[in-house]
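Be aware that the sequence shown starts at 549, since it is given in the numbering used here, and climbs by one per residue.
Just so you know, even glycine gets a beta-carbon here, dropped at the ideal spot from N, CA and C.
It should be emphasised that the depicted structure is a prediction, and the values quoted were computed from it without experimental measurement.
To start, the structure itself, in structure tokens.
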Amino acid sequence: MLILTQLRIRSNKHIFPLFLTAVLFVLSVSSHLAAALLPEDGSRPVQGWVHSVIKSTWPKVQYEYGGIEDISLLREVFQKEGLILRTIEVETRLRQWFQDHLLFNDQGELLQMAPMEYKVLLDYPPSLSTFYTLDDRDVYDPFWLKGVARELGRPIKKLKVTRVEGGELISGTRGGEPYAIIDENVIRRAQSQFKLSFEEAKIQVAQDLEVKEENLISLFLDEDEDFPTHLDTWITALPEGKILVQKDTQFQPIIQQLKENGFTVIEASGLFKDVNFFNGFVVRSPKDSALIVITNKSKNEELNQAWEKMLKDQGVARVYFLGRWHPDAGIDCAGTFF
């Protein structure tokens with residue numbers, strides 16, 4: 549077939565421009581159809597949610613569901629909404645926060661992070677939960693990740709320069725194009741590890757995360773300001789570029805940056821002593837395409853009701869309070885969309 553095509557091109561000078569046009573068209577379509585991160589803003593359908601459970605056998609068999617208040621109720625809600633719920637046993641608490649370990653794109657591929665020197669992680673840190681511990685070692689394990697991929701029946705896609713925890717990244721879609729909001733340290737890690745300029749590192753991180761460079765928004769979190777560790781503890785994304793941000797003066801520079809990048813920002817009070825409402829997840833119900841939110845529950849019912857009202861004012865149809873807030877982690881950290 550290849551020989552025939554070459555012969556035809558040589559024999560007819562008018563065919564080559566048509567052939568070239570066809571090739572360019574195919575390439576442009578392939579580029580347009582490139583995978584994107586599964587959005588966290590409910591803008592596109594997802595199949596379901598996978599979470600971890602720690603199984604211990606001494607002194608008796610016990611199951612620990614990090615961030616989940618009532619696993620039976622969670623299963624009931626997922627069945628009601630037509631969502632798939634997958635559970636995977638893990639052997640250590642270090643891996644119970646699946647959202648930080650597992651990222652999927654919309655082609656069903658599980659993203660494997662780029663290799664990174666331990667010193668780079670220390671210089672441009674994420675949280676202590678996923679990449680390194682107080683034992684002074686990197687705990688990200690590609691072999692374990694491949695085992696999870698096999699259990700889920702998903703292929704692996706290796707990232708070239710990017711090392712990111714799920715909590716450091718907010719993904720969504722606006723104007724039909726995917727975007728990613730990340731901690732600037734994600735780019736700094738790539739810059740340091742692979743000896744790139746900041747701009748070069750940003751371009752390659754954008755390619756890894758499958759967004760246009762202009763749709764990769766990096767937020768500078770000043771260490772002196774004592775920002776919460778992860779973006780998903782004070783930011784929640786809703787469809788079409790609408791972003792909920794904790795109402796606090798320390799976040800004003802971030803809010804201004806988000807607005808300058810075309811996002812609609814709604815300031816809301818969602819951080820309290822016993823609960824973090826931001827650390828939930830937004831999803832489109834397969835049952836009726838309604839926008840639903842599953843988040844953490846406060847013991848103060850008035851706070852739950854106020855958060856539910858605020859979300860419904862923003863177009864959310866149903867709100868479920870099914871999570872339990874630990875220090876710095878809740879139900880959003882316990883699982884990830886697939």
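I'd like the list of long-range same chain contacts for arginine 643, defined as Cβ closer than 8 Å, with 5 residues on each side in sequence excluded. Within the sequence shown, the letter at position 95 stands for residue 643. Contacts found: Ser600, His649 and Trp692.
Under the three-state DSSP convention, the category arginine 634 falls into: Within the sequence shown, residue 634 is the residue found at index 86, counting from 1. Note: arginine 634 maps to strand in three-state DSSP.
Any heavy atom of the ligand GDP closer than 7 Å to the Cβ of phenylalanine 799? For the structure depicted, the ligand GDP is absent and the ligand set is empty, with no information on it obtainable.
Buried or exposed: tryptophan 606, going by 16 or more other Cβ atoms within 10 Å of its Cβ? Position 58 of the sequence shown, counting from 1, holds the residue named residue 606. When all chains shown are included, tryptophan 606 counts as exposed.
Taking the Cβ atom as the reference point for each residue, do lysine 835 and glycine 590 lie within a distance shorter than 8 Å? The residue labelled residue 835 in the question sits at position 287 within the sequence shown. The residue labelled residue 590 in the question sits at position 42 within the sequence shown. No, the pair does not count as a contact, with Cβ atoms beyond the cut-off.
CB-CB under 6 Å to serine 576, same chain, minus the five flanking residues each way: which ones, in chain order? Indexing the sequence shown from 1 puts residue 576 at position 28. At serine 576, the pLDDT of 40 sits below 50, so the modelled position is not reliable; the number obtained from the coordinates is stated separately. Excluding residues within five positions, none has a Cβ falling inside 6 Å.
Neighbourhood of serine 846 by C-beta, 7 Å cutoff - its chain only, sequence neighbours within 5 removed: Locating residue 846 in the sequence shown gives position 298, where the first residue counts as 1. Answer for serine 846: Phe820, Asp822, Val823 and Asn852, listed in chain order.
Hey, would you say glutamine 741 sits closer than 8 Å to glutamate 665, going by beta carbons? By 1-based counting over the sequence shown, the position of residue 741 is 193. By 1-based counting over the sequence shown, the position of residue 665 is 117. Yes, Cβ-Cβ distance for glutamine 741 and glutamate 665 is below 8 Å.
Kindly indicate which three-state DSSP category threonine 777 falls into: helix, strand or coil? Here residue 777 refers to the residue found at position 229 of the sequence shown. Correct three-state label for threonine 777: coil.
Beta-carbon within less than 8 Å of leucine 572's beta-carbon, same chain only, minus the 5 sequence neighbours each way: which residues are those? Indexing the sequence shown from 1 puts residue 572 at position 24. Any reading at leucine 572 needs caution, since the residue's pLDDT is 41, under 50, leaving its predicted position unreliable; the model's value is listed next. For leucine 572, where only same-chain residues beyond five positions count, there are no Cβ hits under 8 Å.
Which residue comes first and which comes last in the alpha helix (DSSP H) that contains lysine 750? By one-based count along the sequence shown, residue 750 stands at place 202. Where lysine 750 is concerned, the enclosing alpha helix (DSSP H) stretches over 746-757.
According to DSSP, is valine 851 part of a helix, a strand, or is it coil? For the purposes of this step, residue 851 is taken as the residue at position 303 of the sequence shown. Sequence check: residue 851 is leucine here, not valine. Helix, per DSSP.
Touch test, the segment 611-625 against the segment 866-884, Cβ-Cβ under 8 Å, three pairs minimum: yes
Kindly indicate which three-state DSSP category alanine 728 falls into: helix, strand or coil? As a position in the sequence shown, residue 728 is number 180, starting the count at 1. Here alanine 728 sits in strand by DSSP.
Report yes or no: do the segment 718-734 and the segment 749-760 share at least 3 C-beta pairs separated by less than 8 Å? yes
Use the C-beta contact count for tyrosine 611: other C-beta atoms within 10 angstroms, 16 or more gives buried, fewer gives exposed. As a first step, residue 611 is located in the sequence shown; it is residue number 63 there, counting from the start. Tyrosine 611 should be labelled exposed.
Kindly give me the distance between the Cβ atoms of threonine 710 and valine 734, rounded to whole angstroms, as I take these residues to be in contact under 8 Å. As a working mapping, residue 710 is identified with position 162 in the sequence shown. As a working mapping, residue 734 is identified with position 186 in the sequence shown. Indeed they touch by this definition, with Cβ atoms about 7 Å apart.
Give the secondary structure of glutamate 788 by DSSP, where H, G and I count as helix, E and B as strand, and everything else as coil. Reading the sequence shown from its first residue, position 240 is the one you call residue 788. Coil at glutamate 788, not helix or strand.
Beta-bridge partners of valine 813, as assigned by DSSP: Working through the sequence shown from its first residue, we reach residue 813 at position 265. The partner list for valine 813 (beta bridge, DSSP) reads Ile791.
Ordered along the chain, which non-local residues of its own chain (more than five positions away) have a Cβ less than 7 Å from that of valine 668? As a first step, residue 668 must be located in the sequence shown, where it is residue number 120. Contacts found: Arg737, Ser740 and Gln741.
Distance, leucine 633 Cα to threonine 884 Cα: Here the question's residue 884 lines up with position 336 in the sequence shown. Here the question's residue 633 lines up with position 85 in the sequence shown. Cα to Cα, the separation comes out at about 10 Å.
Using alpha carbons as the reference points, say which of Thr843, Asp880 and Pro587 lies closest to glycine 720. Sequence index remark: in the sequence shown, residue 720 carries index 172 (1-based). Nearest C-alpha to glycine 720: Pro587.
So what's arginine 685 in DSSP terms, helix, strand or just coil? Walking along the sequence shown from the start, residue 685 turns up at place 137. Note: arginine 685 maps to coil in three-state DSSP.
Is it buried or exposed for asparagine 827, if we count other Cβ within 10 angstroms and need 16 for buried? By 1-based counting over the sequence shown, the position of residue 827 is 279. The residue is buried, with at least 16 neighbouring Cβ atoms inside 10 Å.
Evaluate aspartate 880 with the Cβ neighbour count: other Cβ atoms within 10 Å of its Cβ, from every protein chain shown; 16 or more gives buried, anything less gives exposed. As a first step, residue 880 must be located in the sequence shown, where it is residue number 332. By the 10 Å Cβ count, aspartate 880 comes out buried.
Taking the alpha-carbon positions, what's the lysine 539 to lysine 743 distance? This structure gives no information on residue 539, because the portion of the chain shown stretches from 549 to 886.
Those residues which DSSP pairs with leucine 717 across a bridge: The sequence position of residue 717 within the sequence shown is 169, counting from 1. Bridge partners of leucine 717: Ile730.
Cβ separation of phenylalanine 825 and asparagine 844, assumed to be a contact under 8 Å, to the nearest whole Å: Residue mapping note: residue 825 aligns to position 277 of the sequence shown, counting from 1. Residue mapping note: residue 844 aligns to position 296 of the sequence shown, counting from 1. The pair is a contact, with the Cβ atoms about 6 Å apart (cut-off 8 Å).
With a cut-off of 8 Å on the beta carbons, I'd call tryptophan 645 and alanine 877 a contact; round off their distance for me. As a working mapping, residue 645 is identified with position 97 in the sequence shown. As a working mapping, residue 877 is identified with position 329 in the sequence shown. Sure, about 6 Å apart at Cβ, within 8 Å.
Excluding the 5 residues flanking leucine 568 on each side, which residues of the same chain have their C-beta closer than 6 Å to its C-beta? Counted from its first residue, the sequence shown places residue 568 at position 20. Residue confidence for leucine 568 is low, a pLDDT of 41 falling below 50, so the modelled location carries little weight; the figure read from the coordinates is stated next. Taken in chain order, the list of residues that qualify is empty.
Near proline 674, what residues of its chain come up, given a Cβ to Cβ distance below 6 Å and the 5 sequence neighbours on each side ignored? One-based indexing of the sequence shown puts residue 674 at position 126. Here the set comprises Glu713 and Glu716.
Taking the alpha carbon of phenylalanine 652 as the reference point, which residue from Gly810, Ser604, Ile704 and Gln862 has its own alpha carbon closest? For the purposes of this step, residue 652 is taken as residue 104 along the sequence shown, with counting starting at 1. Considering only alpha carbons, the answer is Ile704.
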